[in-house]
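Asks: Numbering (our numbering), first residue to last: 163 to 308. Before I ask anything, let me first share the structure, which is written out below as structure tokens.
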């Protein structure tokens, strides 16, 4: 029986890929199970952003709006990082297709991986991140972990 990989946000398994370069140990949720194969990713790093990096947020909508050109991703220092977020999402989509991924577990509230919520200023609002949006457009169901 072929075991398809589960795509998972790197920060959820304890990698220091968050914007601040920190590890959040209570969020490590990967289960040690030899029947599961995980493909651990960080779209923001794959898009070329460093770690640590300035916190970013989507301005003018959500991830789907970024992909359609209606919204932008702006770092807290004012730098437009939309291109890097789109590049990271496209790289993830390539991996999903290459490895025939059917299950995705992402960190909610992220401008790239957010599933149900993203941050806008200091509050969370309904919407999804850029990478989640591209995967939904591909027909995948994305699970969000807080």
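Just so it is clear, CB atoms sit at the ideal spot from N, CA and C, and this is done for glycine as well.
Please report the straight-line C-alpha distance between residue 243 and residue 225, rounded to a whole angstrom.
Replies: Position 81 of the chain shown holds residue 243. Position 63 of the chain shown holds residue 225. The straight-line gap from Cα to Cα measures roughly 13 Å.
Asks: With burial defined as no fewer than 16 other Cβ atoms inside 10 Å of the residue's Cβ, what is the status of residue 171: buried or exposed?
Replies: Position 9 of the chain shown, counted from the start, is the residue given in the question as residue 171. That one is buried.
Asks: Relative to the alpha-carbon of residue 271, which residue among 230, 257, 262, 284 has its alpha-carbon at the smallest distance?
Replies: Walking along the chain shown from the start, residue 271 turns up at place 109. Ranking the options by Cα distance to residue 271, first place goes to 284.
Asks: Rounded to whole angstroms, what's the CA-CA distance from residue 227 to residue 305? Just pull it up for me.
Replies: The count along the chain shown starts at 1 and reaches residue 227 at position 65. The count along the chain shown starts at 1 and reaches residue 305 at position 143. Near 20 Å, if we compare the C-alpha coordinates of residue 305 and residue 227.
Asks: Do residue 216 and residue 237 have their CB atoms nearer than 7 Å?
Replies: Residue mapping note: residue 216 aligns to position 54 of the chain shown, counting from 1. Residue mapping note: residue 237 aligns to position 75 of the chain shown, counting from 1. For residue 216 and residue 237, yes; Cβs fall inside 7 Å.
Asks: Between residue 203 and the ligand NAD, is the CB less than 6 Å from at least one heavy atom?
Replies: Ligands displayed in this structure: none; no statement on the ligand NAD is therefore possible.
Asks: Which whole-angstrom value is the C-beta distance of residue 292 and residue 169, which I expect to be below 8 Å?
Replies: Against the chain shown, residue 292 aligns to sequence position 130. Against the chain shown, residue 169 aligns to sequence position 7. Not really, about 15 Å apart at Cβ, beyond 8 Å.
Asks: What is the DSSP secondary structure of residue 121, counted as helix, strand or coil?
Replies: Here the chain has residues from 163 to 308 only, and residue 121 is not among them.
Asks: Which residues does DSSP pair with residue 234 in a beta bridge?
Replies: On the chain shown, position 72 is the one that residue 234 refers to. 221.
Asks: Look at residue 208 and residue 266 and say whether their C-beta atoms are less than 7 Å apart.
Replies: Numbered from 1 along the chain shown, position 46 holds the residue referred to as residue 208. Numbered from 1 along the chain shown, position 104 holds the residue referred to as residue 266. Taking 7 Å as the Cβ cut-off, residue 208 and residue 266 do not qualify as a contacting pair.
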